[in-house]
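Here the protein sequences come in this chain order: G and S.
Using this note's numbering, the letters of the first sequence map in sequence onto residues 1 to 347.
Using this note's numbering, the letters of the second sequence map in sequence onto residues 1 to 347.
Notes follow once the structure below has been shown.
Number of protein chains: 2
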Amino acid sequence: MQSLDDRKMKILQAIIRNYLETGEPVGSRTISKYTDLNLSSATIRNEMADLEELGYILQPHTSAGRIPSDKGYRLYVDRMMEEKEREVEELKELLLEKEDKMEHLLKQVAKVLAQNTNYATMISAPQTQRNKLKFIQLSRVDAHQILAVIVTEGNIIKNSILRVEEELDDETLLKLNILLNTHLNGLTISEINLGMITAMKMQAGIHSSIVGNVIDAVAESIKAEEDLEIYTSGTNNIFKYPELADNQKASELINMFEEKQLLNSLVEETLADESNTGIQVYIGDETPVQTMKDCSVVTATYELGEGMKGTIGIIGPKRMDYDKVVGTLKTLMHQLDDLYNKRERDP
Amino acid sequence: MQSLDDRKMKILQAIIRNYLETGEPVGSRTISKYTDLNLSSATIRNEMADLEELGYILQPHTSAGRIPSDKGYRLYVDRMMEEKEREVEELKELLLEKEDKMEHLLKQVAKVLAQNTNYATMISAPQTQRNKLKFIQLSRVDAHQILAVIVTEGNIIKNSILRVEEELDDETLLKLNILLNTHLNGLTISEINLGMITAMKMQAGIHSSIVGNVIDAVAESIKAEEDLEIYTSGTNNIFKYPELADNQKASELINMFEEKQLLNSLVEETLADESNTGIQVYIGDETPVQTMKDCSVVTATYELGEGMKGTIGIIGPKRMDYDKVVGTLKTLMHQLDDLYNKRERDP
DNA sequence: TATTAGCACTCAACGTTTAAGAGTGCTAAC
DNA sequence: GTTAGCACTCTTAAACGTTGAGTGCTAATA
C-alpha cells in the first residue's frame, strides 16, 4: 500500500480530528477553514473524493460529509503511535494514594482511567505464569476446623478451611506443616505428581486424609487464581456516544461488561501478542470480540515483575481520542512500574 | 383510608395485571373483555373515573387508557402479600451446585435470580454485626516478611503481609502468637483499647513494633469487612422495559449498579427495618434511593446464622411482576437457610 | 337505581408533504 | 493546479392531515 502524499494526509487527519470532536460527518467547507492549508472547499472536495476512492473515508449517504473508515483510523493511529510519546499527567498523585491491596488498586486504576478518558475501561488481575508455592501453614481454628493458608510466588494468599474428624494436637500439626512445606515448597502445580502425594500420605500415617485435603485446597487455590478476575469501570460512559447508545447495542455492551467472559478473550489476545510495544489498538471489526465491532479498543499490557502480567483495556466509540488514550495508557504503565519498584524497595 | 368495594378492587387488579403484561395504558374496553365481570365498557369507564379520583390509577393524557399509580401498586402489593405463600421452584437445584466460597455463592445467587426474573438484582455480603476475633496467626514467609492471618467469628479470613527489619526465630514467633491470641481472642474491635495495646507492647519487648503492626492489620481487616461488598447481575435487563431504557435513565441506573455506594443505602434501609416479614417492597418514590424513583424495588433480608445478615434486592420497572418476585425471593430465602444448615451439619 | 348504548370530543401516533440546509460532483474559468 | 459557481441529492425538521383508541356525558333501558 502506497503512502498518501502530505496534503492528503493532513486532510485526512483534519477529518478524523474533527469527527472525533463532533461525531458528525464533516464536510469540505469545514476542513477548508479548519486547516492551515488555505485551500478552498472545492479543492478539498477533490481530495476527499480521492481519499474516498482509496478507502480512507466514507460517505454515510450522498450529500453528507465524510467520516473516517476503519482503514482511515488505522492509518491515523499508526502514524500517531510513531510520533507521540506523551508527557506525564496528574494521574500520578491519584494513583499513589495509599492503596496496597491488589484488588483495590486495580479497581482504582479502572476508575481513574474511566474518569480521565470518558470511555469504559477494564483491567485484568495479573496472571502469574508459573505459580510456585512459597509457603503452606496449617493452624487449628477450633476442635474440628483447620485453617490452611497457602502463599504463592508474588505473595498471593489463599485460605481454606478444612473440617477434620479427629482432634489434632499441636505437635501433630507442626509435623504436618513441616511435611507439607518440605515436600511442596518451590513447586508449581504441574510439578506436584501423584507419586509425591502418595509418599506424603504414607508419611502422614493416620492423618493422610488431611494431606489429601490440603493438596486439594492447593490445587483449587491455584486454579481459582487462573479464572478471570477483571474489573471494569465507567461502563455508563458509552451513553455519551449516540452511535453506541441505542438500546440493542448498549444492552449487549453492558452485558459484556457484567459477564466479563468475553472480556477475557480480549485479555488473552492482548497477552498473546508479544511483538508489540505493549499497546495495541483494535478498530471496529479488528476486535477479537464481536460484541465490540462498533467500538474501538485500546489495550495495554502491564507487568509487575516476576512475570506477573495483566491487561488494561479502554473501550469506546470508533471516534475515540486515540491520541489521548494511548498517551494516558503509556503514562499509566510507567506509574505501575514505579509503584511496583517503590513497593519492593521501600515497604 | 377506606377500602375499595369488591368490584373496584377487581377492576383495579385487572388494570394492573394487564399493564404488567403489556406496558401500555389499558382502556375500558379491554377490561370489559378481560374480566369475568360481564360489564360493558361504559360501566367500567365510570368505575375507572372513580378509581382515578381516589388516586389508584392515572391517565397519561386525555383519551389514553389508565395506568396504575404508585398508590395503586401499593394496594395491589399489600393485598397480594397477605394472600400468597408461593410454592417451591426449580431454583433449588441450580443453587445447590457445588459452590462453597461465599463470593461465588453470592454472585451465583444474583445471577440465577436475574435470569429467573428478568430484572436487575443485587445481593450484599452478610455483615457480621459483632465481629469477634477468633484466631490470629503469624507465620514467617521469608526473612523479612511475616504473614498475619486473622480469623473472625463466622470464619471470615483476612491476610496481611508485614515487613520486619529484624529477623525472628521460630521461638519468638511462637511467643508472639501466644501473646496476641491470649489477649485478643474473643474481643470485638471496640473492645480493644489503648491500655491493652500498650500492655501487650510492653510484654513484646523489642518486638513491640510488630504487635503494633498486627493490631493495625486487625483494625484494617475488620474495617475493610465493613465496607460494602455488593454483587449485582442482570443490569442489562432494564433495557427490556422501554420506560427505563432511555439514555438518561439507563445511564444513571447502570452507573448506580457499577458504583454500588447508592445500593448500600438500600441495604442499610432494609436491614434497619425489623418490623417486617423479611420482604419489603418500595414502589417508585418510596425508594430510599432517588436514582430508582422510576423503578420498584423488592428487598429481602437473609440470615446465615450467627447474626450474619445480608440483603437481596430486585430492581425493575414499576410494572414489576410482584407476585412472582415475592414468591421467588421467599423460596430463595428458604434455600439459603437450608444451605447454611446443611453446611453446618455436613461438611 | 344501576347499567348500557351512543355520540361528540380529545389527543398521541403515524404518514405525508414541504422547506431548509448542508454537502457533493462537475464544469468552466482563472 | 486551484477555484467559483451551479445544479443536484439527501437528511432533517417542521407543518399538516388522518386515524384510532379512549374518554366523558347524556339519554334510554332493565
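The beta carbon of each residue, even a glycine, is placed where N, CA and C say it ideally should be.
- Contact of A217/G with chain S by beta-carbon distance below 7 angstroms is absent, the smallest such distance being about 11 angstroms.
- Every unbroken stretch of the beta strand (DSSP E) spanning 3 or more residues and falling wholly within the segment 255-311 of chain S is given here in chain order: 279-283, 295-303.
- Within the DSSP bridge table, the entry for I314/G names T121/G, V298/G as partners.
- Under the three-pair Cβ rule at 8 angstroms, the segment 147-165 of chain G counts as touching the segment 123-142 of chain S.
- Scanning chain S for C-beta atoms nearer than 7 angstroms to the C-beta of K134/G yields V141, reported in chain order.
- In this structure the segment 272-289 of chain S touches the segment 300-318 of chain S; the number of beta carbon pairs closer than 8 angstroms is three or more.
- A Cβ of chain S is located within less than 8 angstroms of the beta carbon of A250/G.
- For A125/G, no CB of chain S lies under 8 angstroms from its own CB, so it is not counted at the interface with that chain.
- Setting aside the 5 residues that flank it on each side, D70/G is surrounded in the same chain by I283, G284, D285, E286, K318, each with a C-beta closer than 8 angstroms to its C-beta; the list follows chain order.
- Using a CB distance below 8 angstroms, the part of the segment 254-265 of chain G facing chain S consists of I254, N255, E258, ordered along the chain.
- Selection I189/S, S208/S, K10/S evaluated against L168/S yields S208/S as nearest (Cα-Cα).
- If you draw a straight line from the Cα of A110/S to the Cα of F257/G, it is about 16 angstroms long.
- Taking 7 angstroms as the cut-off between beta carbons, the residues of the segment 151-166 of chain G near chain S are V151, N155, I157, N159, I161, R163, in sequence order.
- Chain S has no Cβ within less than 8 angstroms of the Cβ of Q115/G.
- With 16 or more other Cβ atoms inside 10 Å of its own Cβ, R17/G counts as buried.
- A straight-line Cα-Cα distance of about 10 angstroms links G65/S and I57/S.
- Closest in alpha carbon position to T62/S, among L20/S, M81/S, V26/S, C295/S, is V26/S.
- By the rule that beta-carbons nearer than 8 angstroms mark a contact, Q280/G does not touch chain S.
- Counting only the Cα atoms, A143/S lies some 18 angstroms from I178/G.
- Of the residues assessed, P126/G falls on the buried side of the cut-off, its CB having 16 or more other CB atoms within 10 angstroms.
- Leaving aside the five residues that flank G55/S on each side, the residues in its chain whose CB is nearer than 7 angstroms to its CB run, in chain order, S69, K71.
- Ranked by how close their Cα comes to the Cα of L228/S, the residues A250/S, I238/S, L263/S have L263/S in first place.
- Taking C-beta separations shorter than 6 angstroms and ignoring five residues to either side along the sequence, the partners of T35/S in its chain run A14, following chain order.
- Exclusion of the five residues before and after I161/G leaves V141, Q145, I146, L147, A148 as the residues of its chain whose Cβ lies within less than 8 angstroms of its Cβ.
- No Cβ of chain S is located within less than 8 angstroms of the beta carbon of N185/G.
- Within the segment 136-217 of chain G, the runs of alpha helix (DSSP H) at least 4 residues long that lie entirely inside it are, in chain order, 170-184, 194-204.
- Looking at the DSSP output, P68/S bridges to I57/S.
- Look at the beta carbons and you see the segment 237-248 of chain G not touching the segment 209-217 of chain G: under three pairs across the two are nearer than 8 angstroms.
- In the displayed model, Y231/G falls within a strand according to three-state DSSP.
- DSSP places L39/S outside both helix and strand once states are collapsed to three, so it counts as coil.
- Between S124/S and V325/S, the C-beta gap is not smaller than 8 angstroms, which leaves the two residues out of contact.
- Proximity of chain S to L147/G at the Cβ level (cut-off 9 angstroms) is accounted for by F135, Q137, V149, V151, N155, I157, in chain order.
- At a cut-off of 8 angstroms between beta-carbon atoms, A245/S makes contact with chain G.
- Under the Cβ distance rule, T331/S does not count among the residues neighbouring chain G, no pair being separated by less than 8 angstroms.
- Here S233/G has A110, K111, A114, T121 as same chain residues with Cβ atoms under 6 angstroms from its own Cβ, once five neighbours each way along the sequence are excluded.
- For K324/S, the secondary structure class from DSSP, reduced to helix, strand or coil, is helix.
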